[in-house]
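A.B. asks: Following my numbering, the numbering of the sequence shown begins with 23 at its first residue and continues without gaps.
Just so you know, even glycine gets a beta-carbon here, dropped at the ideal spot from N, CA and C.
My questions all concern the structure below.
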Amino acid sequence: MGRRFMIEISKNLMEKINEHAQNDYPYECCGILLGKFNDGEKTVSEVIEISNEREDENKHNRYLIPSKKVLETELYAIKNGLDIVGFYHSHPNHSATPSQFDIDHALPVYTYLIVSVYDKKAVDYTVSVLSNDRLKFEKEEIKGV
Numbered sequence: 023m024g025r026r027f028m029i030e031i032s033k034n035l036m037e038k039i040n041e042h043a044q045n046d047y048p049y050e051c052c053g054i055l056l057g058k059f060n061d062g063e064k065t066v067s068e069v070i071e072i073s074n075e076r077e078d079e080n081k082h083n084r085y086l087i088p089s090k091k092v093l094e095t096e097l098y099a100i101k102n103g104l105d106i107v108g109f110y111h112s113h114p115n116h117s118a119t120p121s122q123f124d125i126d127h128a129l130p131v132y133t134y135l136i137v138s139v140y141d142k143k144a145v146d147y148t149v150s151v152l153s154n155d156r157l158k159f160e161k162e163e164i165k166g167v
């Protein structure tokens, strides 16, 4: 039997992510999930919206979170007794299925939440964890939404 992954995120926080995705449409939105690791499960207690710093014509299907923003968020998390437990972004006019680009730029352990947005409306999401061999995403169960 394979590894089992679980993340808990409230309906309110999921709505905040969806709103961010809808507001940034037709570009990809991005952000960081803060919370705690608990015996293989994660709990999200805060969502940090990050401005997509991608500066080229690919902003509609790529995102960039500058390392400075990750460091600032990490310091904020430590100060508040939290951890970075994952990242989120949107796929405008595409399914929430992780792309090869998503796989190539992910790290194991963290949750990757992807929201599919069509015509400014969030319609679906996926929640995944990168496999230890870094070749694919594995589905993560979500509760609370």
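#1: In the DSSP assignment, what residue or residues form a beta bridge with glutamate 30?
#2: Find the nearest neighbour of arginine 84 within the set Ser112, Val137 and Ala43, judged by alpha-carbon distance.
#3: Which same chain residues end up closer than 7 Å to asparagine 40 when comparing Cβ atoms and leaving out the 5 residues on each side of it in sequence?
#4: Between asparagine 80 and asparagine 60, what straight-line distance do the alpha-carbon atoms span, to the nearest angstrom?
#5: For threonine 148, which three-state DSSP category applies?
#6: Is serine 153 helix, strand or coil when you go by DSSP?
#7: Which runs of the beta strand (DSSP E) fall wholly inside the segment 83-129 and span at least 3 residues, in chain order?
#8: Nearest-angstrom Cα distance between leucine 56 and isoleucine 125?
C.D. replies: Straight from the coordinates:
#1: Reading the sequence shown from its first residue, position 8 is the one you call residue 30. DSSP lists Thr65 and Lys165 as partners of glutamate 30.
#2: On the sequence shown, position 62 is the one that residue 84 refers to. Here the closest residue by C-alpha is Ser112.
#3: Here the question's residue 40 lines up with position 18 in the sequence shown. Once the five neighbours on either side are set aside, the close Cβ partners of asparagine 40 are Val137 and Ala144.
#4: As a position in the sequence shown, residue 80 is number 58, starting the count at 1. As a position in the sequence shown, residue 60 is number 38, starting the count at 1. If you take the alpha carbons of asparagine 80 and asparagine 60, they lie about 37 Å apart.
#5: Locating residue 148 in the sequence shown gives position 126, where the first residue counts as 1. Strand.
#6: Working through the sequence shown from its first residue, we reach residue 153 at position 131. Looking at serine 153 - three-state DSSP - the assignment turns out to be coil, as it is neither helix nor strand.
#7: Inside the segment 83-129, DSSP marks whole beta strand (DSSP E) runs of 3 or more residues at positions 105-114, from first to last along the chain.
#8: Sequence index remark: in the sequence shown, residue 56 carries index 34 (1-based). Sequence index remark: in the sequence shown, residue 125 carries index 103 (1-based). Looking at the two C-alpha atoms, the distance is approximately 21 Å.
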